[in-house]
Ligand SMILES: Nc1ncnc2c1ncn2[C@@H]1O[C@H](COP(=O)(O)OP(=O)(O)OP(=O)(O)O)[C@@H](O)[C@H]1O
Ligand SMILES: [Mg+2]
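Residue numbers (the working numbering), protein chains in the order written: chain X, 638 to 888; chain L, 2 to 333.
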């Protein structure tokens, strides 16, 4: 048991070292959400009739945090693929450590770096004038953690199934972007066409974004209890699937 | 039985139709430096992958350090170190971080980690580079780091798949020196594959030649060379296939193989046969460019059993590319 915890810790640390070492990557990963907030958020600030109090910038801030959590953690999951391509995966796979621990270590590492990015975006939003009303900081962290673990797991699952990086563009365009746009991060679902609304109910990020919006601003288009239940269920299911998929890797 | 580092029984691995490893039964005694020699695609890496519990056998069984590779995979893993054919370091970490990571994964006691890492790094001469990122390393430095890493947890058996491929001669020599030293001083059993026959000859206590997934010969290098017997006369000539056929017809030629434009004939008392060969060549109108005489080398043993040289395999551009790509971790 002790051995497994050691390994989880080592893998967690590795994700952190890799993340913070590549300064350009840290800055690069924060660029897009920053422009979403600073340009889209402020530019459209009076263009929408919002179903909540506050301006458009406030409306999209939880959505952008959700996006950062998703992008950041998905990318951490996909590192499995890079590891395979550069051979490091083998070194992890032959270590006397269970595959489950490897997935957990990676998931925790990916979640930590994603949450770090999420919190930076929160700070940026704060300086742009977003008036947060955080009722429960612990709940916020737990919720962000669950969203991140869910998406790292999805990334690990995909990476375990893919042979090389060629499929990455497809994942980016046909999975990550639709999940983001459908989640109601950028526009209110309540006024969206029925078909979009229906589709968004199948998008786990919808519950993530709305849950965050509730914790940060006290408003949500989906009841918070539903958000919390759905995200918990997805997180558990996705990590289980990731463990299964990772266990199937032959090499 | 515990005196054997490795015992396999009819160990096999199929990839669909292909029998990559075909009923290999092998025993490696503890403390040996054991060389697996074979042309590209012979099944060396596949065999090692099964022994290190990376790939599941399709049939047969094996014990490594007395542990069954399927039922006791965890114990096998704890007791072995591996240097893969392809690079397997994390480029973005420093040498030290790579080693620390490994030590943690192999449960090296915390208090000992620093000492062990320092010791290993010294052994492979990378003290100066300890805190540099691996992506700044040369191929040889990476290889040495991988060897150091494979040793941090004090394995009883070290697997080295092509440890010196793509390295310059000096680095190759120094890596073989480390390997011999390890074996001598720490009694570590070493299983290695290599394409360099002369190196296998000078390093290995025992070798096995593997081709098409089967072990076709096995023994000490010296013993294998002696068994071949006699001398090798190499004749470089214009019409080498004709020359080979003719030579084979003589009772005093044990066998003759052609590789490239050269024919190797194994004979007794080679110095007396050279004039005979030259005389017959002149008679048959075979243009001889050069003739040389030598004692059989491991290369000749290899030729004897596989009918071709290991160099021929490497000489084809496809094979060379494949090896290089493998050695450098398939970077695009
Ligand atoms: N994952 C795989 N799937 C299908 N075939 C494979 C796989 N790995 C290896 N092979 C095939 O099995 C055979 C043995 O390959 P292996 O890598 O063990 O050879 P090797 O002796 O290590 O060769 P080399 O000297 O080139 O490293 C080859 O024909 C190879 O194409
Ligand atoms: Mg190989």
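The C-beta atom is built at its ideal place from N, Cα and C for all residues, glycine as well.
By the neighbour-count definition (other C-beta atoms within 10 Å, threshold 16), residue 253/L is an exposed residue.
Residue 295/L has 233/L as its beta-bridge partners, per DSSP. Assignment of residue 778/X by DSSP, reduced to helix, strand and coil, places it in the helix class. Close CB contacts of residue 736/X within its chain, under the 6 Å cut and outside five residues either way in sequence, are with 883, 884 (chain order). CA-CA distance, residue 877/X to residue 188/L, rounds to 43 Å. Leaving aside the five residues that flank residue 165/L on each side, the residues in its chain whose CB is nearer than 6 Å to its CB run, in chain order, 173, 176. From the listed residues 711/X, 675/X, 654/X, the smallest Cα separation to residue 786/X is found for 711/X.
Residue 238/L carries a strand assignment under DSSP once its states are collapsed to helix, strand and coil. Any heavy atom of ligand 2 counts here; residues with a Cβ closer than 6 Å to one of them, in chain order, are 45/L, 46/L, 86/L, 162/L. At a cut-off of 8 Å between beta-carbon atoms, residue 93/L makes contact with chain X.
If you check the CB distance, residue 13/L and residue 20/L come in under 8 Å. If you check the C-beta of residue 16/L against ligand 1, you find a heavy atom less than 7 Å away. Minimum Cα-Cα distance from residue 773/X among the listed residues 811/X, 852/X, 719/X, 817/X corresponds to 852/X. Contact between residue 784/X and residue 746/X is ruled out by a C-beta separation of about 16 Å, above the 8 Å threshold.
Listed along chain X is no residue with a C-beta nearer than 8 Å to that of residue 51/L; the closest approach is about 12 Å. Distance check between residue 139/L and each of 88/L, 291/L, 6/L places 88/L closest, using alpha-carbon atoms only. In the assembly as shown, residue 672/X is an exposed residue. Its beta-carbon has fewer than 16 other beta-carbons within 10 Å. The Cβ-Cβ distance between residue 148/L and residue 66/L does not fall below 8 Å.
Neighbours of residue 105/L across chain X, judged by C-beta separation under 8 Å: 643, 644, 646, 647.
DSSP places residue 663/X outside any beta strand (DSSP E); the residue lies instead in the alpha helix (DSSP H), whose first and last residues are 660-672. Taking 7 Å as the cut-off, one finds no heavy atom of ligand 1 near enough to the beta carbon of residue 836/X.
Per the coordinates, the alpha-carbon of residue 759/X lies some 20 Å from the alpha-carbon of residue 653/X. In the structure shown, residue 270/L adopts coil according to DSSP, grouped into three states.
A residue is called buried once 16 or more other Cβ atoms fall within 10 Å of its Cβ, and residue 300/L is buried on that count. For residue 132/L, no CB of chain X lies under 8 Å from its own CB, so it is not counted at the interface with that chain. For residue 268/L against residue 274/L, the beta-carbon gap comes to about 5 Å, under 8 Å, which counts as contact. Here DSSP, grouped into helix, strand and coil, assigns residue 796/X to helix.
By the neighbour-count criterion, in which a residue is buried when 16 or more other Cβ atoms sit within 10 angstroms of its Cβ, residue 246/L is exposed. Per DSSP, the continuous alpha helix (DSSP H) segment holding residue 117/L begins and ends at 111-124. The C-beta distance from residue 730/X to residue 55/L rounds to 7 Å, short enough to fall under 8 Å. With respect to chain X, the C-beta atom of residue 85/L has a partner C-beta closer than 8 Å.
Contacts between residue 137/L and chain X, judged by CB atoms closer than 8 Å, are missing: the closest CB pair is about 13 Å apart. Taking the Cβ of residue 21/L as the reference point, at least one heavy atom of ligand 1 falls within a distance shorter than 7 Å.
With fewer than 16 other Cβ atoms from the protein chains shown falling within 10 Å of its own Cβ, residue 115/L counts as exposed. In this structure, residue 225/L keeps its C-beta atom at 8 Å or more from the C-beta atom of residue 38/L.
Taking CB atoms only, residue 200/L has no neighbour in chain X less than 8 Å away.
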